[in-house]
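**Q**
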Amino acid sequence: MAATNGVELPEQQAQPVQNVEEHHADEQNEDDDIDDLFDDDDEIVPELISGDHGDFTKAYNRQRKLNDANIPDDHKPKTNPQKPSANTNASIDDQVASLAKHASKIRLTGRMTGASGGNARDKDKADRATTEQVLDRRTQMILLQLINRGVISELHGVISTGKEANVYHAMSEPSEDGAPPVHRAVKVYKTSILVFKDRAKYVEGEFRFRQGYNKSNNRAMVRMWADKERRNLARIHDAGIPSPEAYALRNHVLVMGFVGDRKGKAAPRLKDVRFEGLTAEEEDAKWTSLYVQMMAYVRILYQTCRLVHADLSEYNILYHEGKQWMIDVSQAVEHDHPRSLEFLRMDLKNLSDFFRSRNVETLSERKAYAFVTGASGAKDMKEVSKIEDTIRELLNTRPLTEEEKKKEDEDDEVFRNQYIPQTLDQVYDIERDAELVNAGAGSDLPYQALLADKVVNNASDGSHTDAETDDGSSDTSEVDQSIFEKGPSRGKKHLDHDEKVAHKKAIKEEKREKRKEKMPKHMKKKLVSSGSRKK
Numbered sequence: 001m002a003a004t005n006g007v008e009l010p011e012q013q014a015q016p017v018q019n020v021e022e023h024h025a026d027e028q029n030e031d032d033d034i035d036d037l038f039d040d041d042d043e044i045v046p047e048l049i050s051g052d053h054g055d056f057t058k059a060y061n062r063q064r065k066l067n068d069a070n071i072p073d074d075h076k077p078k079t080n081p082q083k084p085s086a087n088t089n090a091s092i093d094d095q096v097a098s099l100a101k102h103a104s105k106i107r108l109t110g111r112m113t114g115a116s117g118g119n120a121r122d123k124d125k126a127d128r129a130t131t132e133q134v135l136d137r138r139t140q141m142i143l144l145q146l147i148n149r150g151v152i153s154e155l156h157g158v159i160s161t162g163k164e165a166n167v168y169h170a171m172s173e174p175s176e177d178g179a180p181p182v183h184r185a186v187k188v189y190k191t192s193i194l195v196f197k198d199r200a201k202y203v204e205g206e207f208r209f210r211q212g213y214n215k216s217n218n219r220a221m222v223r224m225w226a227d228k229e230r231r232n233l234a235r236i237h238d239a240g241i242p243s244p245e246a247y248a249l250r251n252h253v254l255v256m257g258f259v260g261d262r263k264g265k266a267a268p269r270l271k272d273v274r275f276e277g278l279t280a281e282e283e284d285a286k287w288t289s290l291y292v293q294m295m296a297y298v299r300i301l302y303q304t305c306r307l308v309h310a311d312l313s314e315y316n317i318l319y320h321e322g323k324q325w326m327i328d329v330s331q332a333v334e335h336d337h338p339r340s341l342e343f344l345r346m347d348l349k350n351l352s353d354f355f356r357s358r359n360v361e362t363l364s365e366r367k368a369y370a371f372v373t374g375a376s377g378a379k380d381m382k383e384v385s386k387i388e389d390t391i392r393e394l395l396n397t398r399p400l401t402e403e404e405k406k407k408e409d410e411d412d413e414v415f416r417n418q419y420i421p422q423t424l425d426q427v428y429d430i431e432r433d434a435e436l437v438n439a440g441a442g443s444d445l446p447y448q449a450l451l452a453d454k455v456v457n458n459a460s461d462g463s464h465t466d467a468e469t470d471d472g473s474s475d476t477s478e479v480d481q482s483i484f485e486k487g488p489s490r491g492k493k494h495l496d497h498d499e500k501v502a503h504k505k506a507i508k509e510e511k512r513e514k515r516k517e518k519m520p521k522h523m524k525k526k527l528v529s530s531g532s533r534k535k
């Protein structure tokens, strides 16, 4: 067995160090210090950390008294404030050694870091070695912790690699006795060796990250990025869209559901899907049905999840059991993001380009955008069949002649670069657009979804019955100008001289009559004093 900083690894895994990267001094110190990996979110007393747990209740009460500021120091339990640092280091070494028994369960041949001899606390260049651009010493400790806690039981080879993370196949113990092991996917984000650094456009301006994020610290930024994907996956999975379910997140390691067969073979990406044994017509019909299905998912993602994928293409879609599964949603943004509509148009273009390469007559990008963002119609998975029927109706009404298709392509090119305001406050030429609406050309506006279908005629009392609404539906286009008329001005400064004099006399007369009924002061004091004596 070879020792790697207190963790014993099998000899077959002690391979030469690969892809050793030199980092900045602060990053080196952070990589070498793994003590924070053993700090849980809540405070744990030393008795609970040590091997001999003793009485948990006594340990908890002791720590609670120590943390209580209202208890005087002389009444607090006796402690040893000058605890040697060697004991702290020994505690960390004990925890690292306890994880060493799980090292053989990480079966990555040639993927672990090289071995280093000497004392377990010595620092070596191999400690900062990073293999496969994700597996450094800290990441290995996190994986061992996940195994120790039972989140996963074994970690196997790589499923896929990308610019931001690597995905590994893992196994987990079943919840029921006698059941086969459960397949899991473990996504390990890159921290030390970052390729995907331009993430600001996916974060800045979004309400969920209104407090900002740390750009200078790669680990903090990636940790926030991993949490962002976990929340997006939870939102998409709850909406019913096929996607991996997020099970656990530890720093920059995310454990998800595995999309594949029972033997552990991962589902292929949509770009790699090939249909065998089908005629040309049947294959075209199959791809058309997949296009209709994906457009329905995009609408549900926008309307129900309130998200835009922002990187939707055939590379981020898996095909499994006749359904398309959305993956890689860490960059997905909400509607309030300044570039959400730009990302949506990019997603629609990617889908259109791919399915056209599969001989599918897709919708124009303008019509697809209007369909996804339209407020009317079905919006969730319960009505997915209605959504698909609407898409098929739109496909049946698309242009067929070559001249119409050419004009449609030119219109799509203009639409990709067209400015689309997200709110009416962002409309920069409202007078011109108002003239278009009055001329009956309002349907051509890119922000048509923000406009009301009809003018609401509010009554003075603010209420209408259903009968009144039905009777007045034909007159909704005419606005009652009386509601904009100003009433008489209030205040004495708007009165003329004679009215002011008359008003002043009336006030004086009113006060004079009121003084006649006023109780004398000596009688009032007498009543007050007599009432207090009775009490």
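Numbering (full-length UniProt numbering), first residue to last: 1 to 535.
We put the CB at the ideal spot given by N, CA and C, even for glycine.
All of these numbers come straight from a predicted model, not from anything done at the bench.
Compute the beta-carbon to beta-carbon distance between arginine 299 and glutamate 334, rounded to the nearest angstrom, for a pair I have assumed lies under 8 Å.
**A** Taking the sequence shown and counting its residues from 1, the one referred to as residue 299 is at position 299. Taking the sequence shown and counting its residues from 1, the one referred to as residue 334 is at position 334. Contact doesn't hold; Cβ gap of about 16 Å is too wide.
**Q** Classify alanine 280 as helix, strand or coil using the three-state DSSP reduction.
**A** As a first step, residue 280 must be located in the sequence shown, where it is residue number 280. DSSP places alanine 280 in helix when its eight states are reduced to three.
**Q** Note down, in chain order, each residue of its chain lying with its Cβ closer than 6 Å to the Cβ of alanine 248, except the 5 sequence neighbours on either side.
**A** The residue labelled residue 248 in the question sits at position 248 within the sequence shown. Hits under 6 Å: Val151 and Val255.
**Q** Quick one: what does DSSP say glutamate 43 is sitting in, helix, strand or coil?
**A** For this step, residue 43 is matched to residue 43 along the sequence shown. Annotation note: pLDDT 42 at glutamate 43 (below 50); position unreliable, coordinate value reported separately. The answer is coil: DSSP assigns glutamate 43 none of H, G, I, E or B.
**Q** Mapping the DSSP letters down to three states, classify leucine 363 as helix, strand or coil.
**A** The count along the sequence shown starts at 1 and reaches residue 363 at position 363. Residue state, collapsed to three classes: coil.
**Q** Could you pull out every residue in the same chain whose Cβ sits closer than 6 Å to the Cβ of isoleucine 317, ignoring the five residues on either side in sequence?
**A** Taking the first residue of the sequence shown as position 1, residue 317 is located at position 317. Counting only Cβ-Cβ distances below 6 Å, and skipping sequence neighbours, we find Leu270 and Gln324.
**Q** Looking at the ligand NAD, does it come within less than 7 Å of asparagine 417, judged from the CB to the closest heavy atom?
**A** Looking at this structure, you won't find the ligand NAD or any other ligand, since it has none at all.
**Q** Can you give me the Cβ contacts of valine 222 inside the same chain, cut-off strictly under 6 Å, excluding the 5 residues immediately before and after it?
**A** Position 222 of the sequence shown, counted from the first residue, corresponds to residue 222. Cβ within range, chain order: Tyr189, Thr191 and His252.
**Q** Below 8 Å on the Cβ atoms is my guess for glutamine 145 versus arginine 250; work out the distance and round it to an integer in Å.
**A** If you number the sequence shown from 1, residue 145 lands on position 145. If you number the sequence shown from 1, residue 250 lands on position 250. With a Cβ gap of about 7 Å, glutamine 145 and arginine 250 count as contacting.
**Q** I need the boundaries of the alpha helix (DSSP H) containing glutamate 154, first residue and last residue.
**A** Walking along the sequence shown from the start, residue 154 turns up at place 154. Segment 154-161 is the beta strand (DSSP E) holding glutamate 154; no alpha helix (DSSP H) there.
**Q** Cα separation between isoleucine 391 and valine 292?
**A** Sequence index remark: in the sequence shown, residue 391 carries index 391 (1-based). Sequence index remark: in the sequence shown, residue 292 carries index 292 (1-based). Cα to Cα, the separation comes out at about 6 Å.
**Q** In the DSSP assignment, find the beta strand (DSSP E) that holds serine 172 and state where it starts and stops.
**A** Within the sequence shown, the letter at position 172 stands for residue 172. 165-172 is the span of the beta strand (DSSP E), which, as asked, contains serine 172.
**Q** Taking the alpha helix (DSSP H) that valine 501 belongs to, which residues open and close that run?
**A** On the sequence shown, position 501 is the one that residue 501 refers to. It spans 497-516 - the alpha helix (DSSP H) in which valine 501 sits, taken as one unbroken run.
**Q** Using only alpha-carbon positions, find the residue among Tyr315, Tyr297 and Met326 that is nearest to valine 259.
**A** Working through the sequence shown from its first residue, we reach residue 259 at position 259. Comparing Cα-Cα distances from valine 259 to each of Tyr315, Tyr297 and Met326, the minimum goes to Met326.
**Q** Hey, which unbroken runs of the beta strand (DSSP E) at 3 residues or more fall wholly within the stretch 316-347?
**A** Here the runs fully enclosed are 317-320 and 323-326.
**Q** For valine 182, name the three-state secondary structure that DSSP assigns.
**A** Residue numbering aside, residue 182 sits at position 182 when the sequence shown is read from its first letter. Note: valine 182 maps to strand in three-state DSSP.
**Q** Got a sec, what are the start and stop residues for the alpha helix (DSSP H) valine 273 sits in?
**A** Mapped onto the sequence shown, residue 273 falls at position 273. Segment: none, valine 273 is in no alpha helix (DSSP H) and carries neither H nor E.
**Q** So which of Lys504, Arg356, Glu132 and Tyr302 has the shortest CA-CA distance to serine 160?
**A** In the sequence shown, counting from the first residue as 1, residue 160 sits at position 160. It is Glu132 whose Cα lies nearest to the Cα of serine 160.
**Q** For aspartate 347, does the count of other Cβ atoms within 10 angstroms reach 16, so buried, or fall short, so exposed?
**A** As a first step, residue 347 must be located in the sequence shown, where it is residue number 347. Per the 10 Å Cβ criterion, buried.
**Q** Measure how close the beta-carbons of proline 77 and arginine 64 come, nearest whole angstrom, since I'm counting them as under 8 Å.
**A** Position 77 of the sequence shown, counting from 1, holds the residue named residue 77. Position 64 of the sequence shown, counting from 1, holds the residue named residue 64. In fact, because the Cβ distance is near 10 Å, the residues do not count as touching under 8 Å.
**Q** If you follow the alpha helix (DSSP H) that tyrosine 202 is part of, which residue opens it and which one closes it?
**A** For the purposes of this step, residue 202 is taken as the residue at position 202 of the sequence shown. Here the alpha helix (DSSP H) through tyrosine 202 covers 200-203.
**Q** Going by other Cβ atoms of all chains shown within 10 Å of its Cβ, with 16 needed for buried, is tyrosine 419 buried or exposed?
**A** Position 419 of the sequence shown holds residue 419. Label assigned to tyrosine 419: exposed.
**Q** Going by alpha carbons, who is nearest to alanine 246 out of Lys407, Gly240, Leu233 and Ala368?
**A** Locating residue 246 in the sequence shown gives position 246, where the first residue counts as 1. Nearest C-alpha to alanine 246: Leu233.
**Q** When the Cα of methionine 381 is compared with those of Val427, His497, Ile241 and Ala375, which residue comes out closest?
**A** For the purposes of this step, residue 381 is taken as the residue at position 381 of the sequence shown. Of the listed residues, the one whose Cα sits closest to methionine 381 is Ile241.
**Q** Using only alpha-carbon positions, find the residue among Gly157, Asp74, Ile71 and Lys349 that is nearest to glycine 264.
**A** Indexing the sequence shown from 1 puts residue 264 at position 264. Glycine 264 has its Cα closest to that of Gly157, out of Gly157, Asp74, Ile71 and Lys349.
**Q** Give the secondary structure of methionine 256 by DSSP, where H, G and I count as helix, E and B as strand, and everything else as coil.
**A** Counting from one through the sequence shown, the residue named residue 256 turns up at place 256. DSSP places methionine 256 in strand when its eight states are reduced to three.
**Q** Taking only three categories from DSSP, how would you classify leucine 527?
**A** Residue 527 sits at position 527 when you count from the first residue of the sequence shown. Here leucine 527 sits in helix by DSSP.
**Q** Going straight from the alpha carbon of glutamine 303 to that of asparagine 350, what length do you get?
**A** One-based indexing of the sequence shown puts residue 303 at position 303. One-based indexing of the sequence shown puts residue 350 at position 350. Computed Cα separation, rounded: 20 Å.
**Q** Are the Cβ atoms of glutamate 365 and aspartate 412 separated by less than 8 Å?
**A** Position 365 of the sequence shown holds residue 365. Position 412 of the sequence shown holds residue 412. A contact, by the Cβ cut-off of 8 Å.
**Q** With DSSP run on the structure shown, which of helix, strand or coil describes residue 590?
**A** Any answer about residue 590 is impossible in this case: the structure gives the chain only from 1 up to 535.
**Q** Give me the DSSP bridge partner(s) of alanine 266.
**A** Working through the sequence shown from its first residue, we reach residue 266 at position 266. Paired residues: Gly260.
**Q** By the 10 Å Cβ neighbour count, where 16 or more other Cβ atoms means buried, how is histidine 497 classified, buried or exposed?
**A** Position 497 of the sequence shown holds residue 497. With fewer than 16 other Cβ atoms within 10 Å, it is exposed.
**Q** What is the DSSP secondary structure of glutamine 250, reduced to helix, strand or coil?
**A** Position 250 of the sequence shown, counting from 1, holds the residue named residue 250. According to the sequence as given, residue 250 is arginine; it is not glutamine. The answer is strand: DSSP assigns arginine 250 an E or B state.
**Q** Would you check if the stretch 170-185 and the stretch 278-287 touch, i.e. whether three or more CB-CB distances between them fall below 8 Å?
**A** At 8 Å Cβ cutoff, the stretches do not touch.
**Q** Tell me, please, which residues DSSP counts as bridged to valine 298.
**A** Here residue 298 refers to the residue found at position 298 of the sequence shown. The partner list for valine 298 (beta bridge, DSSP) is empty, contrary to what the question assumes.
**Q** Since phenylalanine 415 is in the alpha helix (DSSP H), which residue starts that stretch and which ends it?
**A** Residue mapping note: residue 415 aligns to position 415 of the sequence shown, counting from 1. Segment 402-416, the alpha helix (DSSP H) holding phenylalanine 415.
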